[in-house]
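Enquirer: Going by the numbering used here, the first sequence opens with residue 8, and the numbers climb by one from there.
Starting off with a structure, shown below.
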Amino acid sequence: MVDTVRVRFAPSPTGALHIGGGHTALFNWLWARHTGGKFILRIEDTDRERSTQEYEETIMSGMRWLGLDWDEGPDTGGPYAPYRQSERLSLYRETADRLLREGKAYREGEAVIFKVPQGVSLAFDDVVYGQIQMLSDTLKDIVMIKSDGMPTYNYAAVVDDHAMEISHVIRGEDHISNTPKQLALYDALGWERPVFAHLPMILGKDKKKLSKRHGATSVYEYRDMGYMPDSVFNFLALLGWSPGDDLEIFSREEAAQMFDLSRVIKKPSVFDMDKLNHINQEHLKKLPPCERLALVEPFWREMGLPIDSHPREYLEASLTLLAGRGQTAREAAAYSDYFLDFGPVKERYESIEADGAQLEVLRRFNSELLALPEWNAEAMETFSREWSAANGVKMKDLAMPLRLCLTGMKVSPGVFEVAEHLGVREVRRRLEHYGVLQA
RNA sequence: GGUCCCAUCGUCCAGUGGUCCAGGACACAGCCCUUUCAAGGCUGCGACACGGGUUCGAACCCCGUUGGGACCGCCA
């Protein structure tokens with residue numbers, strides 16, 4: 008009997024790894040890791056027209072990106088190899104011949120077709136959906152081997168799940184109606200059935216099955232938008248499942264430990280970008296500086312910023328200063344460009360807006376600020392508060408123009424912290440450029 | 001059309017007959033903090049689709065209605 012859990016993710020290499028596919032893979036992975044079982048990757052490349060080696064590789068790297076490692080697969084091999092259906096043709100052939108000999112299947116053209124017995128109740132107990140039953144009379148005969156010699160999905164999946172000793176078939180709910188067909192096959196072959204667990208679908212905002220129309224659907228698009236794999240993992244795990252308490256931000260390991268198939272719900276869930284953003288921000292905040300830098304760096308590079316002319320410590324500190332600003336790595340990169348270069352600042356603002364009298368006040372203030380014996384945020388703030396009180400000028404009217412000159416933005420971390428981090432020389436350079444220092 | 005599935009705040013989840021005039025999170029609004037924006041803290045808005053049962057008692061069980069979804073390929 009089934010003593011060890013063996014689950015599989017069985018994508019067809021006809022496209023990149025989808026959010027839906029990632030969700031299915033994730034739940035299989037969680038169950039395997041939770042139970043100490045095996046997670047198997049099987050490539051279902053029986054569609055000669057659409058399957059490609061490139062897609063197979065993208066799917067695998069997509070899974071790696073999400074942190075879903077597999078124990079057996081086409082690249083790693085394993086005791087049930089090969090793991091690519093196109094390499095298991097003889098198995099399908101032999102099994103089909105057997106059914107042919109037993110009179111349970113027939114030929115039509117080059118194809119082999121399974122004759123569905125009539126009047127049979129095909130029922131199974133789904134781990135998440137419960138008892139599901141269908142009468143065999145509503146089923147048409149099932150094509151097992153196509154005219155091109157390749158097996159069909161419903162047939163190959165049964166043969167392989169049996170041969171690979173899969174204990175739990177965990178897949179999307181759209182496969183519920185396929186299950187009775189596969190049940191008929193298991194019965195005809197005299198094979199023991201695996202346990203079935205169907206997962207609720209992921210829907211778009213319009214409550215329709217998630218598709219290209221809904222925007223980004225491949226997991227890679229999320230990476231390119233600046234989402235962390237940990238966040239996408241966390242977010243996907245929360246679709247159709249929850250640990251039961253109010254814990255929402257967790258790691259892969261924590262999820263694997265808490266996960267249980269019996270806690271998966273039936274209701275389809277809507278993909279909510281706002282929630283993903285929030286989860287990403289939470290994970291971003293937890294990251295140590297060096298890892299955050301690694302995440303943001305590609306986006307800075309993409310923006311053409313001079314990364315290599317700054318020490319790593321400086322770059323890390325720049326991001327630490329951001330403290331929760333930005334929900335994605337891409338946003339964090341955009342919010343911090345002024346730390347790396349003066350260029351973007353100048354592009355945003357040609358000059359500050361101030362009339363003659365205001366300008367004179369700013370010139371005096373900035374000049375005195377630059378003359379401070381100690382160049383740190385605390386000293387600058389103390390000085391500024393005293394100066395503003397003494398001169399009857401609001402802090403705001405001193406800080407905002409300074410912020411504008413240094414960052415080119417109306418929003419930023421505390422402006423004195425920005426100034427400290429930029430360094431007195433750079434601050435002087437920027438203030439001089441805008442003519443807000445005394446001659 | 002046939003078959004199957006689903007139904008708690010706008011969204012994601014909690015809730016498995018009494019402790020629920022329903023709890024948390026996101027989003028939204030307001031307040032506090034404050035040199036700005038975030039972050040953080042506090043408050044608010046907001047749902048058991050409807051109708052019948054069963055029961056002393058129903059968000060939870062049963063039936064129906066309505067509304068959604070999936071599948072009906074020699075695609076997977």
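Glycine included, each C-beta is placed from N, C-alpha and C at the ideal position.
Would you list the residues sitting across from S276 in a DSSP beta bridge?
Expert: I209
Enquirer: Using DSSP with H/G/I as helix, E/B as strand and the rest coil, what is H317?
Expert: coil
Enquirer: Looking only at its chain, what residues have a beta carbon closer than 7 Å to the beta carbon of G27, apart from the 5 residues adjacent to it on each side?
Expert: G179, I209 and L217
Enquirer: By Cβ distance below 6 Å, which residues in the same chain neighbour W307 in space, the five residues on each side in sequence not counted?
Expert: I314 and A340
Enquirer: Mapping the DSSP letters down to three states, classify A339 as helix, strand or coil.
Expert: helix
Enquirer: Put L444 into one of helix, strand or coil per three-state DSSP.
Expert: coil
Enquirer: Rounding to the nearest angstrom, what Cα-Cα distance links M8 and R105 in this structure?
Expert: For M8, the pLDDT reaches just 43, beneath the cut-off of 50, and the residue's location in the model is therefore unreliable, although a value from the coordinates is still provided. So the alpha carbons of these two residues sit roughly 24 Å apart.
Enquirer: Where do the N-terminal and C-terminal ends of the alpha helix (DSSP H) with Y227 fall, by residue?
Expert: V226 to D231
Enquirer: I'd like the ranges of any alpha helix (DSSP H) spanning at least 4 consecutive residues and lying wholly in the stretch 87-115.
Expert: 96-108
Enquirer: Where do the ends of the beta strand (DSSP E) carrying A130 lie?
Expert: S128 to D133
Enquirer: Quick one: grab the DSSP three-state call for K219.
Expert: Helix.
Enquirer: How would you label N373, buried or exposed, when you count the other beta carbons within 10 angstroms and need 16 or more for buried?
Expert: buried
Enquirer: Work out the CA separation of D76 and A263 for me, nearest whole Å.
Expert: 13 Å
Enquirer: Hey, which unbroken runs of the alpha helix (DSSP H) at 4 residues or more fall wholly within the stretch 364-411?
Expert: 384-398
Enquirer: Since R332 is in the beta strand (DSSP E), which residue starts that stretch and which ends it?
Expert: Per DSSP, R332 belongs to no beta strand (DSSP E) and is neither H nor E.
Enquirer: Within a Cβ cutoff of 8 Å, which residues of the same chain sit near T159, ignoring the five residues on either side of it in sequence?
Expert: T53, I149, V150, M151, I152 and K153
Enquirer: Go ahead and pull the three-state DSSP assignment for G69.
Expert: Residue state, collapsed to three classes: helix.
Enquirer: Assuming contact is defined by CB atoms lying nearer than 9 Å, are A336 and P305 in contact in what I supplied?
Expert: yes
Enquirer: For P408 and L369, which I take to be in contact (beta-carbon distance under 8 Å), what is that distance rounded to the nearest angstrom?
Expert: 5 Å
Enquirer: For K282, which residues from the same chain have a beta carbon less than 7 Å from its beta carbon, with the 5 sequence-adjacent residues on both sides left out?
Expert: F242
Enquirer: What's the gap between the Cα of S276 and the Cα of L366?
Expert: 56 Å
Enquirer: With a CB to CB cut of under 6 Å and the five nearest residues on each side skipped, what residues in its chain are close to E101?
Expert: none
Enquirer: Distance, Cα to Cα, E388 vs E375?
Expert: 13 Å
Enquirer: Restricting to Cα atoms, I'd like to know which of S325, F34 and H428 is closest to R270.
Expert: F34
Enquirer: Under DSSP, the beta strand (DSSP E) around G137 begins and ends at which residues?
Expert: It spans G137 to L142 - the beta strand (DSSP E) in which G137 sits, taken as one unbroken run.
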